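Colleague:
Residue numbers (UniProt numbering): 1 to 301.
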C-alpha cells in the first residue's frame, strides 16, 4: 500500500514538473494580466504614477458618455454576423472538397493552409494593394467588365465586406480541423447509407453534418471569439475609417489605452468585451444541446 502511494506521488510530481513551464506562462501572460485589467477597470490611470480609484465611473461613462463605444460595438457585431456564417460555410465546403481522394489533393491542402501561417500585418498590407481604389488588382479585373472603380476600403458600405474577405484569407486553419473531423467519420456509415440508396445530399445531411456537428460547434465558438478580437486588419488598412465605419471594439480599446493614455477606461472596455464573449459562448453551448451530436453519448440526438 505504501509503495503504491509513493508511486502515485512520484507520478503526480512528474506531472507537475512537466506542466510547470506552461503554468508559469499562463500565470505571467494570461491570469495575472486578466486580474490586473479587472482591477484597473475601477481606476483612472495614464500609465505613470499611482492609479486613482474611481469605482464604476469607467463603466458608467462607457454606456452613457462614449458614442464610439456603441459605434465600435455595432461594427464588431456586424462583422461577426457576416464573417462567422460565411467562414463556417466556406471552410466546411472546402474541407469536403479537400477530403476527396483525387490526384494532387495534398498540394491543394498545402496551398489553402499556407496563408493561415502568414503574419497578419503582411497579409493586411498585401490585401491593401489588392483593394486599392486606383491601382488595386480587384478594381482592374472588374474594370475589364465595365465596372467602375470601387473604394473598397474608403467606402463606408464596402469596408466591412472587404475586411471580411481579407479575414477569410486565413480560413485554411479551420479547413485542417474540418479535415481531421471528416476523416474520423467511420466509413461504415457511408457504406450503409449507400446500401440504402441515399443520395449525396441525403448522406451529407444525415451522416456527415451530424457527425461533424461537434467540430462545427468548435469552429463557431472560436470564430465568434476571433471576430470580437479583430484588430490588425482595421489598424493597418483603415485606422477605423471611413467615418468610423471599421472602428472595431479592439481598436477602441487600443486607442483608449495607447493614444488617449486612459488605461483604466481601456481595461473597463476589455472587461466588457470579455463578458460579451463569455455570454455568447454560454448561449452557444446551451443551444448546442439541440443540434450537436456526440457519438456514444446517452442523450445524443
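Ideal Cβ placement from N, Cα and C applies to all residues, glycine included. Remember, predicted model here, so these are calculated numbers, not experimental data.
Taking 7 Å as the cut-off, decide whether the C-beta atoms of residue 186 and residue 293 are in contact.
Modeller: no
Colleague: Answer yes or no: do residue 91 and residue 171 have a C-beta to C-beta separation smaller than 7 Å?
Modeller: yes
Colleague: Note the first and the last residue of the continuous alpha helix (DSSP H) segment covering residue 289.
Modeller: Here residue 289 belongs to no alpha helix (DSSP H), and DSSP marks it neither H nor E.
Colleague: I'd like to check one pair, residue 71 with residue 244: are the Cβ atoms closer than 7 Å?
Modeller: yes
Colleague: Excluding the 5 residues flanking residue 234 on each side, which residues of the same chain have their C-beta closer than 7 Å to its C-beta?
Modeller: 163, 240, 246, 248, 251
Colleague: Could you name the residues of the same chain whose beta carbon sits closer than 6 Å to that of residue 13, not counting the 5 residues immediately before and after it, in chain order?
Modeller: Correct list: empty, nothing qualifies.
Colleague: Going by DSSP in three states, residue 100 sits in which element: helix, strand or coil?
Modeller: coil
Colleague: Quick one: what does DSSP say residue 43 is sitting in, helix, strand or coil?
Modeller: strand
Colleague: Quick check on residue 219: does DSSP put it in helix, strand or coil?
Modeller: helix
Colleague: In whole angstroms, give me the CA-to-CA distance for residue 34 and residue 41.
Modeller: 11 Å
Colleague: Enumerate in chain order the residues of its own chain whose CB-to-CB distance from residue 183 is below 8 Å, with the five nearest sequence positions on each side excluded.
Modeller: Cβ within range, chain order: 99.
Colleague: Is it right to say residue 26 is buried, meaning 16 or more other beta carbons lie within 10 angstroms of its own, or is it exposed?
Modeller: exposed
Colleague: Specify the secondary structure class of residue 152 as computed by DSSP and reduced to three states.
Modeller: Residue state, collapsed to three classes: coil.
Colleague: For residue 53, which three-state DSSP category applies?
Modeller: Looking at residue 53 - three-state DSSP - the assignment turns out to be strand.
Colleague: Name the residue from 80, 237, 112 whose alpha carbon lies nearest to the alpha carbon of residue 176.
Modeller: 112
Colleague: Hey, could you find the ends of the alpha helix (DSSP H) residue 129 is sitting in?
Modeller: 120-130
Colleague: Check residue 74 in the structure and name its three-state DSSP category.
Modeller: helix
Colleague: Provide the residue span of the alpha helix (DSSP H) that contains residue 147, from first to last.
Modeller: Careful: residue 147 lies outside any alpha helix (DSSP H) and carries neither H nor E.
Colleague: Under a three-way DSSP split, which group does residue 170 fall into?
Modeller: helix
Colleague: Taking Cβ positions, are residue 121 and residue 236 nearer each other than 7 Å?
Modeller: yes
Colleague: In three-state DSSP terms, what is residue 36?
Modeller: helix
Colleague: Can you check which of these residues, 7, 59, 295, is closest to residue 215 by C-alpha distance?
Modeller: Checking every option, the nearest Cα to that of residue 215 belongs to 295.
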